[in-house]
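Heads up: the structure comes next, in structure tokens.
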Amino acid sequence: MTISHIAKSLLMAGVMTVATGAPGRAEPINVRFQPPNIQLPKAGSCTPRIRDEDMIAEWTAWDQKALPDRKVYAITRDMNRMRDLDARRFEPVINRIRTLLPTVKADYDDKAALFDQVKLMLAKGESEKVRQDGMVASLLAAGGHAAGALNTLADYLIEGKGIEADRARGLKLKVEAAYGGSADAILDLARLTNDGETVDGWRIQPDLAVNMAFGALVGVLDEGICDRMSRIAREYEDGSVVVQDYNLTQAWYRFAADLGDSTAAWKVAELNLLSETVEKDNAVLVKYLTMAADGGNMSAILELGRLYAEGALVPRDRDRALALYRQAEDLGNQAGLVKQAQLLEETKDTSAADLQSYEDVLRRLTEAKDPPSFAFTRLARLVQAKSGIWNPSPEVRSLLEKAVAGGDIEGGIDLAELLLRHDLEPSTVTRATDLLARAIHINGEINAIAKLQKVHLCVDPSGPDFAAAAYWGDVEAGAGNKTLDLDPDQIDKLPELNDPYLIAAIQTQALYGRASALALYQRYLKTAGYSDQVLRFWDQRAQLRRGATVEGMLIEFKQNVERGALDKARRSIHLTSDALTVDAGLSFAHFLVKNYAGDHDSMVLAKEILVPLAEGGAGRAVQLLMEIDANDTSIPSPVTTYRPVMQERGDMTAQLLLAEQSTDETEKGLYYQRAISAQRCDYDDTMALADYALKHRKQDAERWLSIAANIASDDGWRKVKIADTYASMKTEQGRKIASKLYAEAKDAGEPAAYYRLIATYADETSPEFDLAKASAMFTELVRISDIKDVPQKLVMLGKMDPQIRQAVSQQIDIRDLYQQAAAVGQPVAMRELAKLMRGETDAKASAEQAFEWLKKSAEAGDGEAMYLLSQSYAFGSGTEPRLDAAQHWMAEAAKAGYPAATAILKLNTAKTEG
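First residue of the sequence shown: 69, per our numbering; consecutive thereafter.
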């Protein structure tokens, strides 16, 4: 084959390709067709669409006797929409509309009815039946069709719908429809010719054709204008025929919205909300969002409600937000109810009116046709809060069972806790553990992990199951949900530790919304020097989480207590007294009672903190109030005052208080079982249960002590306290376990364990009496101690058996240890070193040195040193006698609480008055 033949063949192939209508796909047509710049009428010109669900509801409720009193355009649009949504479902309604249309539309003749019948059958997938019955052919034969109908028939021919496909005839009809003014036909032909296809009878350039089509769509200001404007907007949004241009999309939607189309107004708002395709304009957003909401657009109503609820872009207005959500509810949208519940949940604890509204909303939600399962859980919590956790209304369990049936995981957790509070039979425990395990396995609910661990370790009467508890403890740690128990002095050292795993764990819990972790993470970010932007983000997050601010102040409070800055600690209480959590309130009040019991104002503040907590059933608050009012016989006991609330909703400590006060054994047993269910399964609670058991249920003491030991793990101080309890049993078995625990705590370096063992070895009545062991152990304790802690231990040595003192003195240089500790500013060491120097042979030199050390110790706040310094000034020991200085330091010693100084001042006062 020659080159010329090859070229001719390729040329023919190209011509044939164009002729048979298989051109390549070209770029969209670049036409910028702007909305007309005209004065729009004040009243809306169009008949805007309504939501599909509203439209369906109206036609479903229609009695089918006569067509609704609405514009014909709206009726036919609804008919077409129902056909497109579900032709089979809405066929009876559509057929009835067709039957009645001639009563309101004079030109709706048999041909128009047949056309609608064809459209319905094709929508139902009955194309073959339409073809067999020759229905499309009949329409073609009838002729006289409007341009839009003609274009539809053209599509049937091109696509072979209800008639044999005939592309050429179809294109001919489409050209006729285009010249007749059908915008759809014009756009179809513009797309075809832009793609390179030649269509007989059509010679208009694609860009001009698009202008013609869009011009035809603009047309006149009639009831269909908004739909046509939105059609242009969608063409620019889609970008298949014309070049995609979201600014023009927005412009045409705005034009339609300004003519009264609420759906178009929502589209404008949505474009600005997403702000991915147009430059966001908040003023435009709010304007059109409000227009859409006023027009009944459900998406706009809910979104505008959110803006007012959050105070985003508009001033925060909860009442306006609630009104919008109620509007959504009135329109039949369940999301309106859900949003009301979410908004009211934020303030239900601070407003009685909002609490009642919250309950009303939840009840309406649970009575809805398809209620969300979470509503049953939230309502159950409200009902339980009213009736109390120990005698809840039967409705609580019924609601939680419905929540579980609906798949609400939180409802399952609440039901598990409800079951365990009232019945610890094996079948009940099994169901509760199944509910908790389901929450973990199905939904990954990490809060259920600790609860399941608690059941295995502390609640199940057949336990403790240490293996199962350990397993779930490991799972909790792996999930990053294990409570982080950091000492106050560790918190500000987090950046120095540079432990990414620890920081990640804190951040994870902060993201989950745990108040203590939020406070801790904020403290870390500040200490580590993060930017203001980061700090603001976490500050805003903390403000949304109730209790996070209080937890932050609690951290600072504990640090001040640890550092001995009691005044600063006390001031921090005032800063948080308006919004205390139970744990924070108890920490603050306990601090005041233990450190400022004699200060009237401090006790008033403590009671202000404790009374609301006691009214909520916090037993520890009741105990502290008992301490404060111990000497006031004019008022009833706090247990008597708060008995009803403790019986309704009291925590573990409250139940043990009730049990202690009860004289009825059955009642004592009931309160004891409640205490077991209510416990947190931590060291403090299990030790409290052990203490109660030792007094009233000795058979259970070993159980609680073994659990406490398991929780204590390697904590030496806790082991010492557990060992003390075993020792208090006064049994051989208890003594052996105590000795073992003391030894383990000693090996962990716990000083208290050394003291206990030394006391045991030094006790002549103990089977383990051994002065040599006591001496060796004390020597070991001194050697492992920090030099600043050594003086207190040496002071204790002075009070021990002479044989122990002698043995220890042979092993360590006591004077040298005091000298080392004094050199680093330890007040006790300076005082004790001064006392040793006073008895040394070089009286004058030693007295002068002793005076200097006493003065330093006194200035450092040591009460005994102040007393001894006063004597030195009085008698001129190591210094010149000075009566004024002697009197000053005697007064300071008395202020510091040194007994001898207090007694001397009282004696002097009595002599003066006598």
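C-beta atoms are modelled at their ideal positions from N, C-alpha and C, and glycine is treated no differently.
Check your understanding: Between which two residues does the alpha helix (DSSP H) harbouring F65 extend?
Key -> Nothing about residue 65 can be reported from this structure: the residues present for the chain run from 69 to 982 only.
**Study point:** Coarse secondary structure for I97, derived from DSSP in three states
**Key:** Taking the first residue of the sequence shown as position 1, residue 97 is located at position 29. DSSP places I97 in strand when its eight states are reduced to three.
Point to revise | Rounded separation between D651 and A657 - CA only | key: Numbered from its first residue, the sequence shown carries residue 651 at position 583. Numbered from its first residue, the sequence shown carries residue 657 at position 589. D651 and A657 have their C-alpha atoms roughly 10 Å apart.
**Study point:** A351 classed as buried or exposed, judged by whether at least 16 other C-beta atoms fall within 10 angstroms
**Key:** One-based indexing of the sequence shown puts residue 351 at position 283. By the Cβ-count criterion, A351 is exposed, with fewer than 16 other Cβ atoms from all chains shown falling within 10 Å of its own Cβ.
Review point. Over what stretch of residues does the alpha helix (DSSP H) that includes T358 continue unbroken?
Key: Translated into the one-based positions of the sequence shown, residue 358 becomes position 290. Per DSSP, the unbroken alpha helix (DSSP H) holding T358 starts and ends at N350 to D362.
Exercise for review: Look up V310 in the DSSP assignment and give the residues it is bridged to.
Suggested key: By 1-based counting over the sequence shown, the position of residue 310 is 242. DSSP, once it has assigned bridges, lists I97 as partnering V310.
Point to revise | Rounded straight-line distance, which links the Cα of K923 to that of A971 | key: The residue labelled residue 971 in the question sits at position 903 within the sequence shown. The residue labelled residue 923 in the question sits at position 855 within the sequence shown. Cα to Cα, the separation comes out at about 22 Å.
Review point. For S807, does the three-state DSSP call read helix, strand or coil?
Key: Locating residue 807 in the sequence shown gives position 739, where the first residue counts as 1. Assignment of S807 by DSSP, reduced to helix, strand and coil, places it in the helix class.
Review point. Going by alpha carbons, who is nearest to G653 out of D482, K675 and P949?
Key: In the sequence shown, the residue the question calls residue 653 occupies position 585. Per the Cα distances, K675.
Check your understanding: Using the C-alpha atoms, what's the distance from A251 back to A155?
Key -> For the purposes of this step, residue 155 is taken as residue 87 along the sequence shown, with counting starting at 1. For the purposes of this step, residue 251 is taken as residue 183 along the sequence shown, with counting starting at 1. A direct Cα-Cα distance of roughly 26 Å separates A155 from A251.
Exercise for review: Determine the direct distance from the alpha carbon of G248 to that of A214, and round the result to whole angstroms.
Suggested key: Taking the first residue of the sequence shown as 1, we reach residue 214 at position 146. Taking the first residue of the sequence shown as 1, we reach residue 248 at position 180. Rounded to the nearest angstrom, the gap between the Cα atoms of A214 and G248 is 8 Å.
Review point. Quick check: the region 686-696 against the region 716-732, are there 3 or more CB pairs under 8 Å?
Key: By the Cβ rule, the region 686-696 counts as touching the region 716-732, because three or more pairs are nearer than 8 Å.
Check your understanding: Where in the region 485-541 do unbroken runs of the beta strand (DSSP E), each at least 3 residues long, occur, reported from the N-terminal end onward?
Key -> Counting only runs of at least 3 residues, the region 485-541 fully encloses no beta strand (DSSP E) element at all.
Review point. For Q747, does the three-state DSSP call read helix, strand or coil?
Key: Position 679 of the sequence shown, counted from the start, is the residue given in the question as residue 747. Of the three classes helix, strand and coil, the one that applies to Q747 here is coil, per DSSP.
Point to revise | Rounded straight-line distance, which links the Cα of M189 to that of K197 | key: By one-based count along the sequence shown, residue 197 stands at place 129. By one-based count along the sequence shown, residue 189 stands at place 121. Distance from the CA atom of K197 to the CA atom of M189, rounded to whole angstroms, is 8 Å.
**Study point:** Buried or exposed by the 16-neighbour rule on C-beta atoms within 10 Å, applied to A210
**Key:** Residue mapping note: residue 210 aligns to position 142 of the sequence shown, counting from 1. Flag for A210 reads exposed.
Check your understanding: Quick check: the region 123-133 against the region 146-166, are there 3 or more CB pairs under 8 Å?
Key -> They touch, by the three-pair rule.
**Study point:** Where the alpha helix (DSSP H) containing R765 begins and where it ends
**Key:** Locating residue 765 in the sequence shown gives position 697, counting from the first residue. Looking at the DSSP string, R765 is not in any alpha helix (DSSP H), and its letter there is neither H nor E.
Practice item. Take Q741 as the anchor and find which of L725, Y751 and A821 has the nearest alpha-carbon. Key: Taking the first residue of the sequence shown as position 1, residue 741 is located at position 673. With distances taken between Cα atoms, Q741 lies closest to L725.
Check your understanding: Taking C-beta to C-beta, are I481 and A516 nearer than 8 Å?
Key -> Locating residue 481 in the sequence shown gives position 413, where the first residue counts as 1. Locating residue 516 in the sequence shown gives position 448, where the first residue counts as 1. The answer is yes: Cβ separation under 8 Å.
Check your understanding: Taking Cβ to Cβ, would you say V278 is nearer than 8 Å to V140?
Key -> For this step, residue 278 is matched to residue 210 along the sequence shown. For this step, residue 140 is matched to residue 72 along the sequence shown. For V278 and V140, no; Cβs fall outside 8 Å.
**Study point:** Endpoints, the alpha helix (DSSP H) within which A213 is located
**Key:** Residue 213 sits at position 145 when you count from the first residue of the sequence shown. One detail in the question is off: residue 213 reads as His in this sequence, not Ala. Counting along the chain, no alpha helix (DSSP H) covers H213, and no H or E run does either.
Check your understanding: Should N315 and V354 be called a contact, given that it needs their Cβ atoms to be closer than 8 Å?
Key -> Here residue 315 is taken as the residue at index 247 of the sequence shown, counted from 1. Here residue 354 is taken as the residue at index 286 of the sequence shown, counted from 1. Against a cut-off of 8 Å, the Cβ pair of V354 and N315 comes out as no contact.
Exercise for review: Please state whether DSSP places F837 in a helix, a strand or coil.
Suggested key: Here residue 837 refers to the residue found at position 769 when the sequence shown is read from its first residue. In this structure, F837 counts as coil in the three-state DSSP scheme.
Point to revise | DSSP-derived helix/strand/coil call for K229 | key: Reading the sequence shown from its first residue, position 161 is the one you call residue 229. Look at K229 here: in three-state DSSP terms it is coil, with no helix or strand label.
Review point. From G264 to Q273, what does the alpha carbon distance come to, in whole angstroms?
Key: Residue numbering aside, residue 264 sits at position 196 when the sequence shown is read from its first letter. Residue numbering aside, residue 273 sits at position 205 when the sequence shown is read from its first letter. C-alpha separation (whole angstroms): 11 Å.
Point to revise | Whole-angstrom distance between G512 and P91, CA atom to CA atom | key: The count along the sequence shown starts at 1 and reaches residue 91 at position 23. The count along the sequence shown starts at 1 and reaches residue 512 at position 444. For P91, the predicted model reports a pLDDT of 49, less than 50, meaning its position is unreliable and no value from the coordinates is stated.
Practice item. From the DSSP output, in three-state form, read off G944 for me. Key: As a first step, residue 944 must be located in the sequence shown, where it is residue number 876. Reduced to three states, the DSSP call for G944 is coil.
Practice item. State whether the region 130-137 contacts the region 280-296, with contact taken as three or more CB pairs (one from each stretch) at a distance under 8 Å. Key: Contact fails: fewer than three Cβ-Cβ distances are below 8 Å.
Check your understanding: Helix, strand or coil: which one does DSSP assign to K192?
Key -> Here residue 192 refers to the residue found at position 124 when the sequence shown is read from its first residue. Residue state, collapsed to three classes: coil.
Point to revise | Reduced DSSP category for G907 - H, G, I as helix; E, B as strand; rest coil | key: Indexing the sequence shown from 1 puts residue 907 at position 839. Looking at G907 - three-state DSSP - the assignment turns out to be coil, as it is neither helix nor strand.
Exercise for review: Can you tell me the Cβ-Cβ gap for L468 and L486, rounded? I've got them flagged as a contact below 8 Å.
Suggested key: Here the question's residue 468 lines up with position 400 in the sequence shown. Here the question's residue 486 lines up with position 418 in the sequence shown. The C-beta distance from L468 to L486 rounds to 6 Å, short enough to meet the 8 Å contact threshold.
Review point. In chain order, what residues of the same chain have a beta carbon less than 7 Å from the beta carbon of L208, not counting five sequence neighbours either side?
Key: The count along the sequence shown starts at 1 and reaches residue 208 at position 140. Within the same chain, L208 has close Cβ partners L221.
Exercise for review: Locate the alpha helix (DSSP H) running through N279, then write down its first and last residues.
Suggested key: If you number the sequence shown from 1, residue 279 lands on position 211. Where N279 is concerned, the enclosing alpha helix (DSSP H) stretches over P274 to V286.
Check your understanding: What residue from T649, V679, E683 and L692 has the CA that sits closest to N663's CA?
Key -> Counted from its first residue, the sequence shown places residue 663 at position 595. Considering only alpha carbons, the answer is L692.
Review point. Cα-Cα, which of E371, D792, D476 and Y829 is closest to A991?
Key: Residue 991 lies beyond the stretch modelled for the chain, which goes from 69 to 982, so this question has no answer here.
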